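Protein chains in written order, with our numbering: chain A, 1 to 332; chain B, 333 to 664; chain C, 665 to 996; chain D, 997 to 1328. Glycine residues also receive a C-beta, built at the ideal position from the N, C-alpha and C atoms. Bear in mind that the values here come from a model prediction, so they are computed numbers and not experimental data. Here's the structure we're looking at; comments come further down.
There are 4 protein chains.
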Amino acid sequence: MILHTKAGISEAQAHEIAKATQSAIFKKDDYYVLVTPSKMKESPAEFSAHIEAEWPMSDDIQLASKSYLNATREVKVGKVTIGGNTGNTLIVAGPCSVESEEQIRESAALLQELNITALRGGCYKPRTSPYSFQGLGLEGLQLLSKMRDEHGFSIVSEVRDSTHVDEVIEHADVIQIGAKSMYDHGILKACAKTNKTVLIKRGFGTTLQEFVQAAEFVLSGGNENVLLCERGIRTFETKTRFTLDLCGVAWLKEYTNLPVILDPSHALGYRYGIADLTKACVAMGVDGLLIEVHPNPAVAKSDAAQQLYHDQFRDLMKAIKPVAEAVGRRIV
Amino acid sequence: MILHTKAGISEAQAHEIAKATQSAIFKKDDYYVLVTPSKMKESPAEFSAHIEAEWPMSDDIQLASKSYLNATREVKVGKVTIGGNTGNTLIVAGPCSVESEEQIRESAALLQELNITALRGGCYKPRTSPYSFQGLGLEGLQLLSKMRDEHGFSIVSEVRDSTHVDEVIEHADVIQIGAKSMYDHGILKACAKTNKTVLIKRGFGTTLQEFVQAAEFVLSGGNENVLLCERGIRTFETKTRFTLDLCGVAWLKEYTNLPVILDPSHALGYRYGIADLTKACVAMGVDGLLIEVHPNPAVAKSDAAQQLYHDQFRDLMKAIKPVAEAVGRRIV
Amino acid sequence: MILHTKAGISEAQAHEIAKATQSAIFKKDDYYVLVTPSKMKESPAEFSAHIEAEWPMSDDIQLASKSYLNATREVKVGKVTIGGNTGNTLIVAGPCSVESEEQIRESAALLQELNITALRGGCYKPRTSPYSFQGLGLEGLQLLSKMRDEHGFSIVSEVRDSTHVDEVIEHADVIQIGAKSMYDHGILKACAKTNKTVLIKRGFGTTLQEFVQAAEFVLSGGNENVLLCERGIRTFETKTRFTLDLCGVAWLKEYTNLPVILDPSHALGYRYGIADLTKACVAMGVDGLLIEVHPNPAVAKSDAAQQLYHDQFRDLMKAIKPVAEAVGRRIV
Amino acid sequence: MILHTKAGISEAQAHEIAKATQSAIFKKDDYYVLVTPSKMKESPAEFSAHIEAEWPMSDDIQLASKSYLNATREVKVGKVTIGGNTGNTLIVAGPCSVESEEQIRESAALLQELNITALRGGCYKPRTSPYSFQGLGLEGLQLLSKMRDEHGFSIVSEVRDSTHVDEVIEHADVIQIGAKSMYDHGILKACAKTNKTVLIKRGFGTTLQEFVQAAEFVLSGGNENVLLCERGIRTFETKTRFTLDLCGVAWLKEYTNLPVILDPSHALGYRYGIADLTKACVAMGVDGLLIEVHPNPAVAKSDAAQQLYHDQFRDLMKAIKPVAEAVGRRIV
């Protein structure tokens, strides 16, 4: 269950309650938020004088639940706010991997041309084969930082494992936790301690319950800036790379209070249907989209088949605006 | 491979080639279409004088392939045509099951109010339990026919197994082959012999390859009026009833020439997200939608949780029009 | 819930109760068995004088449940009985498809050499492509009957759809309902009316709940001779054809009272691991095995990759005997 | 492709070839092993004087492939060797989590009684909820080390994320990489640098290809002591916790050269069928088994439903011996 203490409670008192109730605890404004295991359904009577409000919860989706906070949280990505009543659908675009300064500069120019403010690029690639390109690492992060300095972008980049989480937190504005890393306690706990926005990708074998529980690791550490990203799950169908789970997105929108971002590029794995899928995502009223676009996909060092050409991306940005308007949203 | 004979060839000659090449064969205009097993890559030289054109194919998706016919086929549903360059997105609506004359009359009134021309209703329910409502059978079909006579609807109804396929063919305008019946040779072959439109639902455990191959059973018998319907596949995620596979829809649109219909109701299984999912489907540019709506879902004899209330459905029809327009399509 | 009437109740009275409780009903010895929808938890007081015993059930697995009958049912396959306390593990072997008299004669000779009493062979093949071999049909059934007449085998053959279920019931000793046909009400109801043993294969996209509910269609019609056959489910893994679900088999053994047969050939889809998988199945203590073996797999008209050579099969039969003994069972 | 240099080549020369071919490289005896990306099919002619042997490979399963080494590798677990021609099936047993000294002492006593040499216990639990028990961490590792000192066990314990991989490497004899961590480059690379045995669990959403490629990360760093552990994949079936993929095990045995360990406890998730599943695994001829057993499962802090009682475990150990003998193997 979730407990809010009364305002002005001392840190020592709050932590005493937390200890007695085996709770996660963090401070918010002038009160504390405690999260007990969900099997606790009533707070101990002895602490009632210190408790302002309480929410018994049916399972371990707690801080992210609409039963606790019946609205979509507002989260900042650079200067843009998404969620809440903003009606904003944020575009995050860029190449799968940062490959060179020349390449990322071309991507940056495209984004600037189209007034897109969030640049993505992978520096630590979670490849399944040790014999594939593994990313530029810190050098890539520095190239992205340079683009931010020059253009004012917010930077979205992925952390692959705990060994370099601090580097990503330092250089990126949005810490992306990859589909293969989203159970990683080392990463989740490091992200819980920062205030930077954290974008958690759903693992391709991950249930919605586990997905949102990963967000609870970050939220319960006191970082409320969390975005959920659906990027396709693994099913028996292999003609497409993964299966984008829009039924799951409907569930996330109904039952959780976190903004939802969609990644059609990784879901389909092929350029041909990205435009149609992106329109579908926009029409669902999601809070943002991750789209891979590369100056020359044919020579891309990773995910070559799914990255759009610049011209395709320009067309797509033009095409989704009326769809967004048709559902009362704005592309930002 | 697919062979077109020269025009005016005799039936006997055409069938001789069919026999020699182990082909399915049907007449079209004044020539014959033959479909050999796909492993045949060249037609026998001895018949070359009779062959007008030939398409070697990579696998057993042949007549449905864009490699054979690089466009979406036009198919009629009552007075409405979908596919081709029509830009039409057809709404097929009605209750999960026909339950009584009173109920189906209310559904009919709703459709007429909203200018919807295609009425759906199940009469033979493919239930997984013998202890559940199994449908009204022939009585239900007769009620649907009555609604057609009174309102001019086209009727879409499902065949469950081969024992009653003739009844459904007789009474319905569109023969729906259910997700659990789509491998049924008895049904597929009966549908191949009629000219009525056939809507094949993808089995929830069916690959795209097998799904389209089911259509080949109908097409290769000479019935070219086939619609493919995606209605959700079974995955590890159980918070939603099934997982609507829009990546698969992107593939169908790219590689097959058959119109694609979507059924968001069965995919999600719950009312709450049907509106969002339907907008997503419309934005993808599909050719039609099956939506379940019931005068009083709370007492529905099947699929109570997923059928919309009439007011929800009215709102939805209003909401999807601008989405359709935004992607250059028209709701019919 | 399941109700047993008192002995000697009149047919009219029994059917009156059945009607009032929306029950399936069949006669057993001198009493009737009624099965109500599972949501009924108490039988109507007005009929209490006629009710001998009742079992409220938690869901629609009723007659097949260990809550009703806490043992494995005995079922006959020809002269052999499996289930109960027999400790028998039955081998059913033969080619995927009956292809010719010569072929099936070779198979018969192999079985006789190895003292195997149950011969399988498909005559109506549920192919996913219309351009593949579809089976010999009635001619194949007649060949199998001939082998029974000559050798005394019991014959196991598959029904594909309702159009030929009567032919299969007439010629086979065990009616096999295929993985793609197990939701087919036409077949299930026809099988409910015969007393022949029915082997139901689990659909590759079918949950255990639905699988056992298919058996309920047959059981509740009064045919208690039902076998459940696990043959692999469809998962994201594609290096093997399907995924044999032995966890599911453990569940079936724990919660249902029906004998369980395993089909490792279809699950793996390749010869190389059939021996190991078969040993695993035997060690689990299942009631029978379906194994495909062909005189010359290289030229088999269906499933060529998974059928064993005769010598491989001989070796396998020798190898599984000590495994069976190690777990207290006997190969029959 | 895999290259073996000639014996006695200098380190500088070897690394020059590695650099030119973008290879992973490690020294073995007096030569070097290089692994290029699998798309390279011929080694550069300029280095031919230094190459002793080469194996072009079809994909990125290279060092683990039977095409490279056509046998099962021998790997040590404490004093016991598995794989190769040993015919050994190793039992690794113990509680899911180390909870207290008293608990682990009882487990140790059970193992000693049954002559089991490998003790497992989790100290860093990869829980999906932040509100569940997360393990004793270093304190748990120290308790395990104590048991080794007192009883001579080899210790198997899991690493959850890169932050504590060094601690686990220091205290355990076998580093277990969990199903949720097996894509973690930080862990895989740390394990590649040690010579301790590494047991990699297959992720529940992981293909066989990706699973074995995870092993390639360790092997190509020069640590050849790798075990593959199948522990159930996630499918649509939810009556059991996961689906143990024995078809996949058949594939691993056929195509890879690494010993295979099975974990029936996590696959099924319930005590009732562990005995049957374990017998099935033994009969398949696998190299080892991980089985969870707890002095008092009812109060276990994790996975309470699947851990065996001590008496159940004693019975199981007795029951599997004859099964092992029946397939020519020995339980160690």
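- Which class does A1027/D belong to by DSSP, given the choice of helix, strand or coil? As a working note, residue 1027/D is residue 31 in the fourth sequence. The identity of residue 1027/D in the sequence shown is Tyr, whereas the question assumes Ala. DSSP places Y1027/D in strand when its eight states are reduced to three.
- Under 7 Å between beta-carbons, which chain C residues line up against R234/A? List them in chain order, please. What you label residue 234/A is simply residue 234 of the first sequence in a count that begins at 1. Near R234/A (Cβ distances below 7 Å), the residues of chain C are F900.
- Message: Do L560/B and C247/A count as a contact pair if the criterion is CB distance below 8 Å?
- Response: Numbered from its first residue, the first sequence carries residue 247/A at position 247. Numbered from its first residue, the second sequence carries residue 560/B at position 228. Taking 8 Å as the Cβ cut-off, C247/A and L560/B do not qualify as a contacting pair.
- Query: Applying the criterion that 16 or more other CB atoms from any shown protein chain within 10 Å of the CB defines a buried residue, is G354/B buried or exposed?
  - Reply: As a first step, residue 354/B is located in the second sequence; it is residue number 22 there, counting from the start. Going by the sequence as given, residue 354/B is Gln instead of Gly. Burial check for Q354/B: the Cβ neighbour count within 10 Å stays below 16, so the residue is exposed.
- Message: Beta-carbon within less than 7 Å of A1300/D's beta-carbon, same chain only, minus the 5 sequence neighbours each way: which residues are those?
- Response: Residue mapping note: residue 1300/D aligns to position 304 of the fourth sequence, counting from 1. If we look at A1300/D and ignore the five residues flanking it on each side, its Cβ neighbours are P1293, A1294.
- Task: Consider the Cβ of P986/C: report whether some Cβ of chain D lies at a distance smaller than 8 Å.
- Result: If you number the third sequence from 1, residue 986/C lands on position 322. Among the CB atoms of chain D, one or more fall inside 8 Å of the CB of P986/C.
- In three-state DSSP terms, what is Q726/C? Position 62 of the third sequence, counted from the start, is the residue given in the question as residue 726/C. In this structure, Q726/C counts as coil in the three-state DSSP scheme.
- Item | Beta-ladder partner(s) of D1241/D, from DSSP | Against the fourth sequence, residue 1241/D aligns to sequence position 245. According to DSSP, D1241/D bridges with D909/C.
- For I9/A, which residues of its own chain have a beta-carbon under 6 Å away from its beta-carbon, when the five flanking residues on both sides are left out? In the first sequence, counting from the first residue as 1, residue 9/A sits at position 9. Within the same chain, I9/A has close Cβ partners H50.
- Query: Within 10 angstroms of its Cβ, does P708/C collect 16 or more other Cβ (buried), or is it exposed?
  - Reply: For the purposes of this step, residue 708/C is identified with residue 44 of the third sequence, where counting begins at 1. By the neighbour-count rule (16 or more Cβ atoms within 10 Å), P708/C is not buried but exposed.
- Item | Integer Cβ distance of P259/A from G83/A, believed to fall under 8 Å | Start at 1 with the first residue of the first sequence, and residue 259/A comes out as number 259. Start at 1 with the first residue of the first sequence, and residue 83/A comes out as number 83. Right, the Cβ-Cβ distance comes to about 4 Å (below 8 Å), so this counts as a contact.
- Would you call the CB atoms of Y456/B and H496/B closer than 8 Å? Residue mapping note: residue 456/B aligns to position 124 of the second sequence, counting from 1. Residue mapping note: residue 496/B aligns to position 164 of the second sequence, counting from 1. In this structure, the beta-carbon distance from Y456/B to H496/B falls below 8 Å.
- Message: Strictly under 8 Å for the Cβ-Cβ distance: is R563/B near chain C by that measure?
- Response: The sequence position of residue 563/B within the second sequence is 231, counting from 1. Chain C contact via Cβ: absent.
- Pick out the complete alpha helix (DSSP H) segments inside the segment 847 to 917 of chain C, 4 residues or longer, and give them in chain order. Runs found: 849 to 857, 872 to 883.
- Exposure label - G1324/D; buried when at least 16 CB within 10 Å: Position 328 of the fourth sequence, counted from the start, is the residue given in the question as residue 1324/D. Looking at its Cβ environment, which holds fewer than 16 other Cβ atoms inside 10 Å, G1324/D is exposed.
- Item | Option nearest G1281/D by Cα separation, candidates N1081/D, L1059/D, S1044/D, Y1179/D | Residue 1281/D sits at position 285 when you count from the first residue of the fourth sequence. Taking G1281/D as reference, the option from N1081/D, L1059/D, S1044/D, Y1179/D with the minimal CA-CA separation is N1081/D.
- Task: Mind listing the chain B neighbours of F868/C? Cutoff is C-beta to C-beta under 7 Å, in chain order.
- Result: If you number the third sequence from 1, residue 868/C lands on position 204. For F868/C, the residues of chain B that pass the 7 Å Cβ criterion are G537, in the order they occur in the chain.
- Give the secondary structure of K611/B by DSSP, where H, G and I count as helix, E and B as strand, and everything else as coil. Indexing the second sequence from 1 puts residue 611/B at position 279. Residue state, collapsed to three classes: helix.
- Please state whether DSSP places G742/C in a helix, a strand or coil. Here residue 742/C corresponds to residue number 78 of the third sequence, with the count starting at 1. Shown here, G742/C sits in coil according to DSSP, grouped into three states, outside any helix or strand.
- Message: Give me, in chain order, the residues of the same chain whose beta-carbon lies closer than 7 Å to that of H310/A; leave out the 5 immediate sequence neighbours on both sides.
- Response: The residue labelled residue 310/A in the question sits at position 310 within the first sequence. Non-local C-beta neighbours of H310/A in its own chain, meaning closer than 7 Å and more than five positions away in sequence, comprise L110, V293, P295, ordered along the chain.
- Item | As assigned by DSSP and simplified to three states, the class of S157/A | Locating residue 157/A in the first sequence gives position 157, where the first residue counts as 1. The answer is strand: DSSP assigns S157/A an E or B state.
- By a C-beta neighbour count over all protein chains shown, 10 Å radius and 16 as the cutoff for buried, is N223/A buried or exposed? Within the first sequence, the letter at position 223 stands for residue 223/A. With 16 or more neighbouring CB atoms inside 10 Å of its own CB, N223/A falls in the buried class.
- Output the residue ranges of the alpha helix (DSSP H) runs that lie fully inside the segment 1083 to 1138 of chain D and measure 4 residues or longer, sorted by chain position. Runs found: 1097 to 1109.
- Task: Can you give me the Cβ contacts of I1112/D inside the same chain, cut-off strictly under 7 Å, excluding the 5 residues immediately before and after it?
- Result: In the fourth sequence, the residue the question calls residue 1112/D occupies position 116. Closer than 7 Å at Cβ, skipping near neighbours: I1087, A1089.
- Query: At which residues does the alpha helix (DSSP H) containing L1264/D begin and terminate?
  - Reply: The residue labelled residue 1264/D in the question sits at position 268 within the fourth sequence. First-last of the alpha helix (DSSP H) with L1264/D: 1260 to 1264.
- From S157/A, Y270/A, N70/A, pick the residue whose C-alpha is nearest to that of K196/A; which is it? Against the first sequence, residue 196/A aligns to sequence position 196. Across the set S157/A, Y270/A, N70/A, the C-alpha of S157/A shows the shortest separation from the C-alpha of K196/A.
- Among G1074/D, A1010/D, Y1268/D, the one whose alpha carbon lies nearest that of V1170/D: The residue you call residue 1170/D lines up with position 174 of the fourth sequence. Comparing Cα-Cα distances from V1170/D to each of G1074/D, A1010/D, Y1268/D, the minimum goes to G1074/D.
- Message: Check whether chain C comes within 8 Å of D516/B, counting only Cβ atoms and requiring the distance to be less than that.
- Response: Sequence index remark: in the second sequence, residue 516/B carries index 184 (1-based). D516/B counts as touching chain C.
- Item | A1175/D versus L1312/D, Y1268/D, A1210/D, residue with shortest Cα-Cα distance | As a working mapping, residue 1175/D is identified with position 179 in the fourth sequence. Of the candidates L1312/D, Y1268/D, A1210/D, A1210/D places its Cα closest to the Cα of A1175/D.
- Which of the residues in the segment 613 to 639 of chain B, read from start to end, lie with their CB under 9 Å from any CB of chain C? Listed by position along the chain: nothing, the set is empty.
- Assuming P1122/D and R1156/D form a contact by the criterion Cβ under 8 Å, report the distance between their Cβ atoms to the nearest whole angstrom. As a working note, residue 1122/D is residue 126 in the fourth sequence. As a working note, residue 1156/D is residue 160 in the fourth sequence. So it is a contact: roughly 5 Å between Cβ atoms.
- Below 7 Å CB to CB, which residues in the same chain sit around K611/B once its five sequence neighbours on both sides are set aside? Position 279 of the second sequence, counting from 1, holds the residue named residue 611/B. These residues qualify, in order along the chain: A651, I652, V655.
- Task: With distances taken Cα to Cα, identify the nearest neighbour of F242/A among L252/A, L262/A, G269/A, R314/A.
- Result: Working through the first sequence from its first residue, we reach residue 242/A at position 242. Taking only the C-alpha atoms, the option nearest F242/A is G269/A.
- Message: Using beta carbons (cut-off 8 Å, strictly below), is K844/C in contact with chain B?
- Response: Translated into positions along the third sequence, residue 844/C becomes position 180. At least one chain B Cβ lies under 8 Å of K844/C.
- Assuming F881/C and L852/C make a contact with CB atoms under 8 Å, what is their CB distance in whole Å? Taking the first residue of the third sequence as position 1, residue 881/C is located at position 217. Taking the first residue of the third sequence as position 1, residue 852/C is located at position 188. Correct: roughly 4 Å between the Cβ atoms.
- Query: Can you find a CB in chain A that lies within less than 8 Å of the CB of G605/B?
  - Reply: Taking the first residue of the second sequence as 1, we reach residue 605/B at position 273. Using a CB distance cut-off of 8 Å, G605/B counts as an interface residue toward chain A.
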